[in-house]
Amino acid sequence: MSNNNVRVRFAPSPTGGLHLGGVRTVLFNYLFAKKHGGKFILRIEDTDQSRFVAGAEEYIFNCLEWCGIVPDESPKHGGVHAPYRQSERKDLYKQYADKLVQEGKAYYAFDTAAELEEKRKSSPNFQYNNVTRKELKNSLTLSAEEVKELLDSNVAHVIRINMPTDESVSFNDLIRGEVSFNTSQVDDKVLLKADGMPTYHLAVVVDDFLMEISHAFRGEEWLPSAPVHILLWKYLFGLDKMPQWAHLPLILKPDGNGKLSKRDGDRLGFPVFAMDWIDPKTNEINAGFKEKGFIPEAFVNMLAMLGWNDGTDKEIFTIEELIASFSLERVHKPGAKFDYEKAKWYNHEWIKKLSVDSLRPLVIAELEKNSIKSNSTILDNVIDQVKDRCTFISDFVLQAGFFFNRPTTIDTPSIQTKWAENKTTFFNDYTVALADFEDWNGPSLEAHFKQLATDAQIKPGELMLPLRIMLVGGKFGPHVFDIAAVIGKEETIARIKNTIALL
RNA sequence: GGCCGGUUCGUCUAUCGGUUAGGACAGCCCCCUUUCACGGGGCAAAGACGGGUUCGAUUCCCGUACCGGCUACCA
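Adding 807 to a residue's 1-based position in the first sequence gives its number in this note's numbering.
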C-alpha cells in the first residue's frame, strides 16, 4: 500500500548534538515515509534565539547523511514549502496568534518574567491557568483601554492560549490509543513570545498545517502538551486537517530509570550522540557512534530495534528491510533502556556481514588515521581474515595493523616464561630453513614448521605461541601460518630474528 | 503535589485467552581452536500485587504499588 499524501517531518532545534533518541525519531519518520511512498521533511525549529548554537544545523545534516537518510525537503534540500527554518518564517506566525486573540481563544499577557518568577517562588505549584489568570496582568483582567494603551506604548507582552475550563480534549494516538485531558489541568501556554517569535506550540501547529504534514511523530515527553496542540488545530485549521499523532517511547538510561542523557554516556563510557559533537561555547566534546567505530548500518539497525520489532526473531535488518517491514502498530509503548553491549553486538554482526568491498574504504581510513599505510595487494585478504574479530572499525588497527607494520611492542614476557636455549636454537635454524622454503602458503608452512619441531624434539604447541608473538606482537590474530603467508618470507624471517634478539 | 503515560528473564523483546511463556544480548559451562575471536552445544533467568470477567488469564476490566514524562516567554 502506498499513499503519496504521507508527509512526515523531523523538527529538531539546533541547540547541540544529535541524541540517540533524536536519531531514532528521524529513523521512524523516515521508515514510515518510505514505507508509504511519502515525503520526509526536515524542519529546523530555531525559535529560541537564546539557545542557538552555531554549527548545530550543519551537524544534524551530517548525522543524517552518515545514517544514509536524505530528507526530501529541508533548508538544505529546498522544497515547495520553503523556508524550512522557523526563524525565517517568523512573520508567518503572528497573524495566527492575532486571530486567536480576536476570537477570544488567546489573550495578551503583560506580566514580566520577574513577576512570574516571583509567583513561582511564593507558590511552588504556580501555573498560569484558568484560575490564576484572573489575578494577573493580561487582557482578560485589564480594561480594553488599558490594554490598548499598553499595546500602543509597546510594552513587552506575550500571547497566551486561553485554555477552556473543564472541557475534555482527546485524540487517538497511533501508539497509545485514545488519550484524553481535562483542559482545567492544562496551563495557558505562551504562543507568541515577547520577541515576536512563536513558541514551539504555535510554530509546530502552524508549520505542520502549512507543510501539509500527515503524521506527526515525536517523543513521549511531548504528550502532556498535546492538548494545547489539539486545541490550536481545532481553532486554527480544523481537526479534520490535523495530522495523526504518534508519541514514541523514550530511550532510557541503562542503569536506574529516566531519559538517557549525554551525561549518562560520559558517566558510563559510551557515546550518546550520532557523531562527535564539540560545543562551540564550552569546547566540551561529546563522543559519537561514528567516531567510536560504529558503522551506520549497525547504528540504524540497533536504533530501529529499540522499541520496534517485526514480530519474528529477526534482528539484523538492512535499511531496505526496515522500510519493507516497518509498521507503527508494532512500535512499543514502554520506554527501552539503552544497552551498549547489545549495540556493540549489532556492530560486530554488521562488520561480519559486510563484504570486503564495503569495509575496505572504512578500514583504509581507519588505518591511515593511525599512520598505517595499507598495502592494497594484501588488504582485501587481511580484511577478510580479521573482520570476524572486530567489534569496532577501530579494532582493525590492532587486528590488521601488524600485517603492514612490524609490531612496535612485542609481548616478550609471554615468551620468556617457558623459554629455553633449545628454542632459541630452533628459531635460529627455522629462519635458515625458511630462507630456502619455496611453497609459501599457510598449510605448507604449517606442515613444514611442525616437521622441524618434531625433528628438534620440541612439541609444536610450545613453539607456536612464541612464533605468533614474534609475528604479531601479542596473543591475538588469525592463524599464525596464514599471517606468515601474507606478510611474506623476508618479513617473517626478519620478525623472528628481531624478537630473538630481544629475548 | 497535579496531570499524562508505562509495567514479561539483569537488558532488548515474542505471545493476536488455552504455550514445558519463545528468541537475542550479557553471564556461566562444554565442544571446536597448539593465540584471541568466529562458530556449535548447553545451563541459569520473567508475567509487580490484589480483585474481577471467563471453563481457562501474561493477554480483557478495575484498583494498588512502583517507574517514567510533563508541569519555562526550552524544545
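Beta carbons: idealized from backbone N, C-alpha and C, even for Gly.
Proximal residues to residue i (C-beta, below 8 Å), its chain only, five neighbours per side dropped
| i | result |
| --- | --- |
| E1028 | L1057 and K1066 |
| G1026 | G828, T832, H1054, L1055 and L1057 |
| I1276 | I1217, D1218, T1219, S1221, I1222, K1282 and T1306 |
| K944 | A916, F917, D918 and E922 |
| M808 | Because the pLDDT of M808 is 43, which lies under 50, any placement of that residue in the model is unreliable, and the number read from its coordinates should be weighed accordingly. Only H843 meet the Cβ criterion. |
| W1157 | I1102, E1104, A1105, N1108 and I1123 |
| T1261 | P1267 |
| K941 | L947 and T948 |
| H964 | Y915, A916, F917, L957, L958 and A1001 |
| R1137 | W1115, N1116, D1117 and G1118 |
| N1177 | V1204 and G1208 |
| L1110 | L827, V830, R831 and L834 |
| L1310 | T1219, I1222, Q1223, W1226 and T1231 |
| E1091 | I1085 |
| S752 | In the structure as shown, the chain begins at 808 and stops at 1310. Residue 752 is therefore absent and cannot be evaluated. |
| L1259 | F1233, D1236, Y1237 and A1240 |
Residues near residue i in its chain [Cβ-Cβ closer than 6 Å; skip 5 each side]
| i | result |
| --- | --- |
| F1016 | F1044 |
| P1273 | I1222 |
| N810 | With a pLDDT of 49 at N810, under the threshold of 50, the modelled position of that residue is not reliable, and no figure is offered here. |
| G824 | F1080, W1084 and N1093 |
| L1169 | I1200 |
| V986 | D980 |
| E1298 | none |
Residue i - containing alpha helix (DSSP H), residue span
| i | result |
| --- | --- |
| E985 | Segment G984 to N989 is the beta strand (DSSP E) holding E985; no alpha helix (DSSP H) there. |
| F817 | First-last for F817: R814 to F817, but that is the beta strand (DSSP E), not the alpha helix (DSSP H). |
| I1171 | V1163 to K1176 |
| I1130 | I1126 to S1132 |
| R1275 | P1267 to V1279 |
| A1300 | A small correction: the amino acid at residue 1300 is Ile; Ala does not occupy that position in the sequence shown. Its alpha helix (DSSP H) spans residues K1296 to L1309. |
| I1037 | A1033 to L1043 |
| V965 | Per DSSP, V965 belongs to no alpha helix (DSSP H); it is in the beta strand (DSSP E), V965 to I968. |
| K1097 | F1096 to K1099 |
| Q1206 | D1202 to F1211 |
Start and end residues, beta strand (DSSP E) containing residue i
| i | result |
| --- | --- |
| G1076 | It is not in any beta strand (DSSP E) - G1076 carries neither H nor E in the DSSP assignment. |
| I876 | No beta strand (DSSP E) holds I876; DSSP gives it neither H nor E. |
| A1023 | H1022 to G1026 |
| W1383 | Residue numbering for the chain in the displayed model covers 808 to 1310; residue 1383 lies beyond these limits and cannot be assessed. |
| A913 | A913 to A916 |
| S977 | S975 to D980 |
| V860 | Run containing V860: none; DSSP gives neither H nor E here. |
| K846 | K846 to L849 |
| L999 | V997 to L999 |
| V1012 | It is not in any beta strand (DSSP E) - V1012 instead sits in the alpha helix (DSSP H) that spans Y1007 to L1017. |
For residue j and residue i, believed in contact at Cβ under 8 Å, the rounded distance
| i | j | result |
| --- | --- | --- |
| P1050 | S1068 | About 28 Å separates the two Cβ atoms, so there is no contact after all. |
| D1117 | Q1192 | About 34 Å separates the two Cβ atoms, so there is no contact after all. |
| V1035 | K996 | 5 Å |
| A913 | L1046 | Wrong, their Cβ atoms sit about 18 Å apart, outside the cutoff. |
Pick from the options that is closest to residue i, judged by C-alpha positions
| i | options | result |
| --- | --- | --- |
| K846 | S881, L825 and G875 | S881 |
| D1246 | L1270, D1164 and H1255 | H1255 |
| V813 | F978, A840 and V830 | A840 |
| K1159 | C1197, K1151, E872 and I1171 | C1197 |
| S857 | P821, F835, K1140 and E872 | P821 |
| I982 | T1224, K1140, V1293 and A1150 | K1140 |
| L1039 | I1092, A1010 and V1279 | A1010 |
| V908 | E1175, W1052 and V954 | V954 |
| A1150 | K1099, K1304, V1035 and A863 | K1099 |
| D1146 | F1077, K1194 and D1187 | F1077 |
| D1164 | K1144, I1190 and I1179 | I1190 |
| E1148 | L1166, L1161, L1075 and W1226 | L1075 |
| L1252 | I1300, K1048, W1226 and G1284 | I1300 |
| D1071 | K1144, D1086 and E1173 | K1144 |
| P785 | L1166, K1296, Q992 and D1195 | Because the chain here runs from 808 to 1310, residue 785 falls outside it and cannot be looked at. |
Own chain partners of residue i with C-beta closer than 7 Å, once the 5 adjacent residues on each side are dropped
| i | result |
| --- | --- |
| F1155 | One point to set straight first is that residue 1155 is His, not Phe, in the sequence displayed. Correct list, in chain order: T1198. |
| V887 | none |
| F817 | T832, V833, N836 and L849 |
| I1171 | S1181 |
| W873 | A1081, M1082, K1097 and P1103 |
| I867 | P819, P821 and L825 |
| L1135 | F839, L981, I982 and A1053 |
Exercise for the section: Tell me, please, whether the stretch 889–909 touches the stretch 991–1007 by the rule of three or more beta-carbon pairs shorter than 8 Å. Expected result: yes
Practice task
Check whether the stretch 1198–1218 touches the stretch 1263–1271, taking contact to mean three or more Cβ pairs, one atom from each stretch, closer than 8 Å.
Solution key: no
Exercise for the section: Count the CB pairs spanning the stretch 957–974 and the stretch 934–944 that are closer than 8 Å, and state whether there are at least three. Expected result: yes
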